[in-house]
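Counting from 1 along the sequence shown, just add 13 to a position and that's the residue number in the working numbering.
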Amino acid sequence: MGNTESYETLRPLAPVTGGFGLYPEMLAGAPTTLILDANMQWTKVPFIIYTTTGVPVMQCVGYDFWNKKLVMLDAEGNHLFRLKTKAFSSARYIGQDAGENELFRLCSPGPFTPGWDIQLSDVFSGREQTLFIDGSHTAKVADCVFNGSPIARVHRRARPGQDKPYGRGTYWLEIAPGVDMALLAAICICSDEIAKAARRNSRNAS
Numbered sequence: 014m015g016n017t018e019s020y021e022t023l024r025p026l027a028p029v030t031g032g033f034g035l036y037p038e039m040l041a042g043a044p045t046t047l048i049l050d051a052n053m054q055w056t057k058v059p060f061i062i063y064t065t066t067g068v069p070v071m072q073c074v075g076y077d078f079w080n081k082k083l084v085m086l087d088a089e090g091n092h093l094f095r096l097k098t099k100a101f102s103s104a105r106y107i108g109q110d111a112g113e114n115e116l117f118r119l120c121s122p123g124p125f126t127p128g129w130d131i132q133l134s135d136v137f138s139g140r141e142q143t144l145f146i147d148g149s150h151t152a153k154v155a156d157c158v159f160n161g162s163p164i165a166r167v168h169r170r171a172r173p174g175q176d177k178p179y180g181r182g183t184y185w186l187e188i189a190p191g192v193d194m195a196l197l198a199a200i201c202i203c204s205d206e207i208a209k210a211a212r213r214n215s216r217n218a219s
């Protein structure tokens with residue numbers, strides 16, 4: 014994930030007044046950091062996404078390899094997304110509701126542009142919006158940028174002063190107030206799958 018700056022030089026996350034995303038009940042009410050384990054897999058074994066304070070926020074249930082789907086639920090078990098790979102399409106992944114209606118798509122902005130575009134119908138503005146992941150999925154830090162400002166940040170290293178140790182591969186997902194935590198977690202999971210595929214392809218080519 015693209016940015017290699019120190020934390021002191023990274024831009025602060027910008028709160029979104031009025032909300033941004035798909036689920037009003039999933040908006041961050043304050044600056045929030047979610048922990049996503051690097052060992053998360055698209056299998057039938059569920060995993061839970063927690064905040065750094067230990068609050069469970071979402072759970073993910075994988076399905077069989079051939080269908081390449083993963084379902085995200087809220088902490089009470091209500092359906093949020095079905096994540097699905099998209100073959101022969103400009104989109105690498107799409108997020109669907111329980112009726113398989115598309116909610117968002119993750120696309121490459123072009124062959125020579127690093128990062129990813131996430132296109133969605135924002136329920137708060139009532140308009141089609143684009144969120145940009147600034148940087149490659151292989152680096153340590155990436156900003157999720159909306160209207161020119163970072164509203165979330167994903168990285169693979171603990172911030173200075175964190176008092177609880179986690180593994181090297183853990184993803185830390187920082188989210189600004191007013192941003193849909195479920196949407197950003199889904200994007201992080203899709204980016205992780207892309208990174209794993211890139212590593213597999215690199216090993217196979219060597």
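Glycine residues also receive a C-beta, built at the ideal position from the N, C-alpha and C atoms.
Predicted model only: the values in this text are computed from it and were never measured.
Start and end of the beta strand (DSSP E) containing residue 45? 45-49
Suppose the cutoff is 8 angstroms on Cβ atoms and the five residues either side in sequence are ignored; what does the same chain contact list for residue 44 look like? 26, 187, 188, 189, 190
Using a threshold of 8 angstroms, state whether the C-beta atoms of residue 34 and residue 154 are closer than that. no
Nearest by alpha-carbon distance to residue 130: which of 185, 46, 204 is it? Comparing Cα positions, the closest option is 204.
What are the residues that DSSP puts in a beta bridge with residue 87? 71
Straight-line Cα distance separating residue 168 from residue 221: Residue 221 lies beyond the range of the chain shown here (14 to 219); nothing can be said about it.
With distances taken from CA atoms, which of 72, 107, 68 is nearest residue 91? 72
Strand pairing of residue 136, partner residues [DSSP]: Residue 136 is not bridged to any residue.
Output needed for residue 201: all residues of its chain with C-beta closer than 7 angstroms, excluding positions within five of it in sequence on either side, in chain order. 49, 167, 184, 186
Taking the straight line between their C-alpha atoms, what separation do you get for residue 61 and residue 83? Looking at the two C-alpha atoms, the distance is approximately 13 angstroms.
Which residues bound the beta strand (DSSP E) around residue 97? From DSSP, the beta strand (DSSP E) with residue 97 extends over 92-98.
Buried or exposed: which applies to residue 206, given that a residue is buried once 16 or more other Cβ atoms fall within 10 Å of its Cβ? buried
Since residue 108 and residue 94 are thought to touch, with beta carbons under 8 angstroms apart, how far apart are those beta carbons, to the nearest angstrom? 4 angstroms
What does the alpha-carbon distance come out to for the pair residue 36 and residue 110? 11 angstroms
List the whole-angstrom C-beta distance separating residue 69 from residue 88, where the pair is believed to meet the contact cut-off of C-beta under 8 angstroms. Confirmed, about 5 angstroms.
With distances taken Cα to Cα, identify the nearest neighbour of residue 147 among 138, 116, 159, 112. Per the Cα distances, 159.
Residue(s) in a DSSP beta bridge with residue 143: Listed as beta-bridge partners of residue 143 by DSSP are 132.
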